[in-house]
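Enquirer: From first to last, the protein sequence lines are chains A and B.
Note that the working numbering has the first sequence beginning at 1, numbered continuously upward.
Note that the working numbering has the second sequence beginning at 1001, numbered continuously upward.
Sharing a structure below in structure tokens format, with a few things to ask.
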Amino acid sequence: MGENRVHALRGVDLEIKRGEFVAIMGASGSGKSTFMNILGCLDKPSSGRYLLEGTDVAALDKNQLARIRNRQIGFVFQGFNLLSRTTALENTELPTLYARIDKGERRERAMESLQLVGLGDRTDHFPSQLSGGQQQRVAIARALVNRPSILLADEPTGNLDSRTSVEVMEIFQKLNDKGLTIILVTHETDIANFARRSIVFRDGTIRRDGLIANRSVATDVIKTIPQLED
Amino acid sequence: MDFLSTIQIALRALLRNKSRSILTMLGIIIGVGAVIAMIGIGQGADQTVQKQIATLGSNMLFITPGSGTQGGLRVGNGSTKTLVEGDVAAILKECPAVVAAAPATQTSAQIVYEGDNWGTRIIGTTPEYFDIRTWAFQSGTSFTRDDVTTAANVAVIGETVRKNLFASTDPIGKKIRIGNLPFLVVGVLVAKGQSAALSEDQDDTIIAPLTTVQKKMTGQPWLRFAMASASSRSSSYAAQQQIKALLRDRHRIRAGATDDFSVRNLADIADVASEASKVMTLLLGSIGAVSLFVGGLGIMNIMLVSVTERTREIGIRIAIGATESDVQRQFLLEAITISLLGGLIGILTGVASSFVISSTAGWPIAVSTTAIFVAALVSIAIGVFFGFYPARKAARLDPIEALRYE
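Below, the structure written as structure tokens:
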């Protein structure tokens, strides 16, 4: 094993500025997941540097990394990753618990976050009582509750139908318009087109990096998709 | 994460698997319950034995003839003729640690009062006997020294005899017949109850002047036993040694030869009894300790299962900012909650069962607060000890792997 070292990423050099909306694309095994894990401080590069807001992440200890994941980064996953048998509100509240925010403010922030994603009326529902789109919105609310500067979304629409996917993109575009940096991993070009910039990975290197020419606007796209009956 | 939220999360996780949590607690419940009940019962039994021994008399010494060799034959206790009244008088006079002494003989006879009769033990002794045994009268008085001198036909009866012969009448002044002799009842003793040490009903007795029993009933001038009182509990051993030395001298026993008498010290009897109950408590306590250990292993097992089941949850928590110590604390607290809750239920069960057993056996209820306190601490310690490894395992999970876990 040790002899055949596989480099998930090689010679990747890029900069993402505050307020950008970047779509990371690539086939599976292209290295995009590793790239996201490094950006999300879940993984450290074996060599090279990752500067997050000017700080070299490699120099930080586990607790400092946990703190960054908690305060500066919000995660949205493909499989929603909500805690089952835990209400939408409590799921949303979870990061504030680890931020040691006191109880009153925790509630307040979680409510605010859920309202932002349009789920102010579903706070006491369990994940099993919510549709996929609603679950993903709870996950977004959770990612936003500690007011992070970066939102990392790993295939957030992978488990959603096309209309719900666009609804999620609508939320992302609104958040980005307010100044939130969003990095979105997807393999669907349609979804990537909602971002401002796209980076394509292949075999651990950047294949293409450029601005998206015909950017889709979710609010417009949504009108063209017929609403499905529940 | 603050402590209160951690406890809330732990409780919720346990409530999610109610039956599993309860089954896991069972080991601790049984262990703690056993220890608490055993200590309670052991102490209750010990107190009872001590109390029963105390009813024998204050700082009492019990002297019996026998265990000597007579003409090459070893004879049993109480059947030799070597202990005499002169010995008892000498003990009182020459042993400084002895404050009272009473010679005694014993026989049994049928007692008749009007139509009823009752077979019982007759003890012939002097009035000092009642003092040595700290035996009070519920009515009437003791016979006197004069009664002993004149071999008067007077008797003091025990509670069991009174119950059987004088169910509804006052026995004082009544005439009873012991064997063929008429006796006047002068006193009734208070009940002392069953003696655990001597395993007999102490109240099933009639006590009469020594001379009366010796001359008119047994025809034996020697003593069956004698009793003496040491000046204090701490001097009982000294008194025992003094009596031994004196009797060896009086009976002309050569150095190296065995005594033709035995002197038992009440403190010895009490010590033997409490030693026995200590061994019992220790034994039962170790059974409890073993089940606590097994219960702890059960907690560790379930916590390991729980960590595996909740790998994804742990991954999520780490991804959104839980530190290693946050995760570790959460799982450790869950283990402690199981063991402490089990411990508390165990304490309740233990206290309840020692109440039930004590009241069934008629022992005093001795619930030790120290034992309860220690049991609670031990349960927490078990949670920490057996919960540590699973919690550590949870905290060390790789979040990327954990999030991918199905």
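Beta carbons are placed, not taken as given, at the ideal position from N, Cα and C, and that holds for glycine.
Relative to the C-alpha of glycine 181 of chain A, which residue among A:His187, A:Glu188 and A:Gln173 is closest?
Expert: Looking up residue 181 of chain A in the first sequence gives position 181. Contrary to the premise, residue 181 of chain A reads as threonine rather than glycine in this sequence. Of A:His187, A:Glu188 and A:Gln173, the residue nearest in Cα terms is A:Gln173.
Enquirer: Look up threonine 1201 of chain B in the DSSP assignment and say whether it is helix, strand or coil.
Expert: As a position in the second sequence, residue 1201 of chain B is number 201, starting the count at 1. Looking at the sequence itself, residue 1201 of chain B is aspartate, so the reference to threonine does not match. Three-state DSSP puts aspartate 1201 of chain B in a strand.
Enquirer: Locate the beta strand (DSSP E) running through proline 1182 of chain B, then write down its first and last residues.
Expert: Here the question's residue 1182 of chain B lines up with position 182 in the second sequence. Residues 1181 to 1189.
Enquirer: Is any heavy atom of the ligand SAH found at a distance shorter than 8 Å from the C-beta of proline 127 of chain A?
Expert: Absent from the structure shown: the ligand SAH. Ligands present: none.
Enquirer: Starting from the N-terminal side, write out each stretch of the alpha helix (DSSP H) that is 4 residues or longer and does not extend beyond the segment 97 to 169 of chain A.
Expert: Here the runs fully enclosed are 103 to 116 and 132 to 144.
Enquirer: Against chain A, which members of the segment 1380 to 1402 of chain B pass a CB distance test of less than 7 Å?
Expert: Residues passing the 7 Å Cβ filter: Pro1399 and Ile1400.
Enquirer: Please report how far the alpha carbon of valine 1307 of chain B lies from the alpha carbon of arginine 163 of chain A, in whole angstroms.
Expert: As a working note, residue 1307 of chain B is residue 307 in the second sequence. As a working note, residue 163 of chain A is residue 163 in the first sequence. Using only the alpha carbons, I get a separation of about 37 Å.
Enquirer: For isoleucine 1172 of chain B, which residues from the same chain have a beta carbon less than 8 Å from its beta carbon, with the 5 sequence-adjacent residues on both sides left out?
Expert: Your numbering for residue 1172 of chain B matches position 172 in the second sequence. Result list for isoleucine 1172 of chain B: Ser1139, Gly1140, Val1185, Val1186, Gly1187 and Val1188, in chain order.
Enquirer: Roughly how many angstroms separate the alpha carbons of valine 1075 of chain B and isoleucine 1243 of chain B, rounded to a whole number?
Expert: Sequence index remark: in the second sequence, residue 1075 of chain B carries index 75 (1-based). Sequence index remark: in the second sequence, residue 1243 of chain B carries index 243 (1-based). Note that valine 1075 of chain B has pLDDT 49, beneath the 50 cutoff, so the model's placement of it is unreliable and the number below is only indicative. Distance between the alpha carbons of valine 1075 of chain B and isoleucine 1243 of chain B: 21 Å.
Enquirer: Is the CB of proline 95 of chain A under 9 Å away from at least one CB in chain B?
Expert: Counting from 1 along the first sequence, the entry for residue 95 of chain A is found at position 95. With 9 Å as the cut-off, proline 95 of chain A counts as an interface residue toward chain B.
Enquirer: List the residues of chain A whose Cβ lies closer than 7 Å to the Cβ of glutamate 1313 of chain B, in chain order.
Expert: Within the second sequence, the letter at position 313 stands for residue 1313 of chain B. Chain A residues near glutamate 1313 of chain B: Leu83.
Enquirer: Put glycine 1115 of chain B into one of helix, strand or coil per three-state DSSP.
Expert: Along the second sequence, read from residue 1 onward, the residue named residue 1115 of chain B stands at position 115. In the structure shown, glycine 1115 of chain B sits in coil (DSSP, three-state: anything other than H, G, I, E or B).
Enquirer: In angstroms with no decimal places, state the Cα-to-Cα distance between phenylalanine 77 of chain A and tyrosine 50 of chain A.
Expert: If you number the first sequence from 1, residue 77 of chain A lands on position 77. If you number the first sequence from 1, residue 50 of chain A lands on position 50. Spanning the two alpha carbons is a distance of roughly 22 Å.
Enquirer: For glutamine 1110 of chain B, count neighbouring Cβ atoms within 10 angstroms of its own Cβ and tell me buried if that reaches 16, exposed if not.
Expert: Numbered from its first residue, the second sequence carries residue 1110 of chain B at position 110. When all chains shown are included, glutamine 1110 of chain B counts as exposed.
Enquirer: State the start and end residues of the unbroken alpha helix (DSSP H) segment that holds methionine 1300 of chain B.
Expert: Numbered from its first residue, the second sequence carries residue 1300 of chain B at position 300. Methionine 1300 of chain B -> alpha helix (DSSP H) spans 1266 to 1309.
Enquirer: Apply the 10 Å Cβ neighbour rule to alanine 1054 of chain B and answer buried if 16 or more other Cβ atoms are within range, or exposed otherwise.
Expert: Counting from 1 along the second sequence, the entry for residue 1054 of chain B is found at position 54. Its Cβ having fewer than 16 others within 10 Å, alanine 1054 of chain B is exposed.
Enquirer: Whose Cβ in chain A lies nearer than 7 Å to the Cβ of serine 1021 of chain B?
Expert: Stepping through the second sequence from its first residue, residue 1021 of chain B is reached at position 21. Near serine 1021 of chain B there are no residues of chain A at all, since even the closest Cβ is about 15 Å away, more than 7 Å.
Enquirer: What separation, rounded to the nearest whole angstrom, lies between the Cα atoms of glycine 1071 of chain B and glutamine 1043 of chain B?
Expert: Locating residue 1071 of chain B in the second sequence gives position 71, counting from the first residue. Locating residue 1043 of chain B in the second sequence gives position 43, counting from the first residue. In this prediction, glycine 1071 of chain B has a pLDDT of 45, which is less than 50 and means its spatial position is unreliable; nothing more can be read from the coordinates.
Enquirer: Distance, Cα to Cα, leucine 1073 of chain B vs lysine 1081 of chain B?
Expert: Along the second sequence, read from residue 1 onward, the residue named residue 1073 of chain B stands at position 73. Along the second sequence, read from residue 1 onward, the residue named residue 1081 of chain B stands at position 81. Low confidence applies to leucine 1073 of chain B: its pLDDT is 48, below 50, so where it sits in the model is not reliable enough to give any reading.
Enquirer: Would aspartate 1249 of chain B be called buried (16 or more neighbouring beta carbons within 10 Å of its own) or exposed?
Expert: In the second sequence, counting from the first residue as 1, residue 1249 of chain B sits at position 249. Classification for aspartate 1249 of chain B: exposed.
Enquirer: The beta strand (DSSP E) with valine 217 of chain A in it runs from where to where?
Expert: Residue numbering aside, residue 217 of chain A sits at position 217 when the first sequence is read from its first letter. Here valine 217 of chain A belongs to no beta strand (DSSP E), and DSSP marks it neither H nor E.
Enquirer: By the DSSP assignment, the beta strand (DSSP E) with arginine 207 of chain A in it spans what residues?
Expert: Here residue 207 of chain A corresponds to residue number 207 of the first sequence, with the count starting at 1. First-last of the beta strand (DSSP E) with arginine 207 of chain A: 205 to 211.
Enquirer: Kindly provide the ranges of any alpha helix (DSSP H) runs that are 4 or more residues long and lie completely inside the segment 1319 to 1365 of chain B, ordered along the chain.
Expert: Counting only runs of 4 or more, we get 1324 to 1361.
Enquirer: What are the start and end residues of the alpha helix (DSSP H) that includes leucine 1377 of chain B?
Expert: Residue mapping note: residue 1377 of chain B aligns to position 377 of the second sequence, counting from 1. Start and end: 1369 to 1395.
Enquirer: Helix, strand or coil: how does DSSP classify proline 1103 of chain B here?
Expert: Your numbering for residue 1103 of chain B matches position 103 in the second sequence. Strand, per DSSP.
Enquirer: Can you have a look at proline 1103 of chain B and say buried or exposed, based on whether 16 or more other CB atoms are within 10 angstroms of its CB?
Expert: Here residue 1103 of chain B refers to the residue found at position 103 when the second sequence is read from its first residue. Buried: at least 16 other Cβ atoms inside 10 Å.
Enquirer: According to DSSP, is alanine 8 of chain A part of a helix, a strand, or is it coil?
Expert: Translated into the one-based positions of the first sequence, residue 8 of chain A becomes position 8. Residue state, collapsed to three classes: coil.
Enquirer: Taking Cβ-Cβ distances shorter than 7 Å, what residues in chain C pair up with serine 1005 of chain B?
Expert: No chain C appears in the structure shown, which is made up of the protein chains A and B.
Enquirer: Select from A:Pro95, A:Asn176, A:Asp43 and A:Thr86 the residue whose C-alpha is nearest the C-alpha of arginine 67 of chain A.
Expert: Within the first sequence, residue 67 of chain A is the residue found at index 67, counting from 1. Cα-wise, what sits closest to arginine 67 of chain A is A:Pro95.
Enquirer: Would you give the residue range spanned by the alpha helix (DSSP H) that threonine 1035 of chain B belongs to?
Expert: For this step, residue 1035 of chain B is matched to residue 35 along the second sequence. Just to set this straight, residue 1035 of chain B is valine in the shown sequence, not threonine. It spans 1018 to 1055 - the alpha helix (DSSP H) in which valine 1035 of chain B sits, taken as one unbroken run.
Enquirer: Leaving out the 5 sequence neighbours to the left and right, which residues in its chain are closer than 7 Å to asparagine 1153 of chain B when beta-carbon positions are compared?
Expert: Counting from one through the second sequence, the residue named residue 1153 of chain B turns up at place 153. Leu1181, Pro1182, Phe1183, Leu1184 and Thr1212.
Enquirer: Please state the DSSP three-state secondary structure of isoleucine 1316 of chain B.
Expert: Numbered from 1 along the second sequence, position 316 holds the residue referred to as residue 1316 of chain B. Isoleucine 1316 of chain B falls in the helix class under three-state DSSP.
Enquirer: Alpha carbon to alpha carbon, how far is arginine 208 of chain A from arginine 215 of chain A? Give it in angstroms, no decimals.
Expert: For the purposes of this step, residue 215 of chain A is taken as residue 215 along the first sequence, with counting starting at 1. For the purposes of this step, residue 208 of chain A is taken as residue 208 along the first sequence, with counting starting at 1. Their Cα atoms are separated by approximately 17 Å.
Enquirer: Is the distance from the Cβ of valine 1263 of chain B to the Cβ of threonine 1205 of chain B below 9 Å?
Expert: Translated into positions along the second sequence, residue 1263 of chain B becomes position 263. Translated into positions along the second sequence, residue 1205 of chain B becomes position 205. Not closer than 9 Å, so no.
Enquirer: Considering glutamine 1241 of chain B, what are the terminal residues of the beta strand (DSSP E) in which it resides?
Expert: As a first step, residue 1241 of chain B is located in the second sequence; it is residue number 241 there, counting from the start. Where glutamine 1241 of chain B is concerned, there is no enclosing beta strand (DSSP E), although the alpha helix (DSSP H) it sits in stretches over 1236 to 1250.
Enquirer: With a CB to CB cut of under 6 Å and the five nearest residues on each side skipped, what residues in its chain are close to alanine 1010 of chain B?
Expert: For the purposes of this step, residue 1010 of chain B is taken as the residue at position 10 of the second sequence. So the qualifying residues of the chain are Leu1333, Glu1334 and Thr1337.
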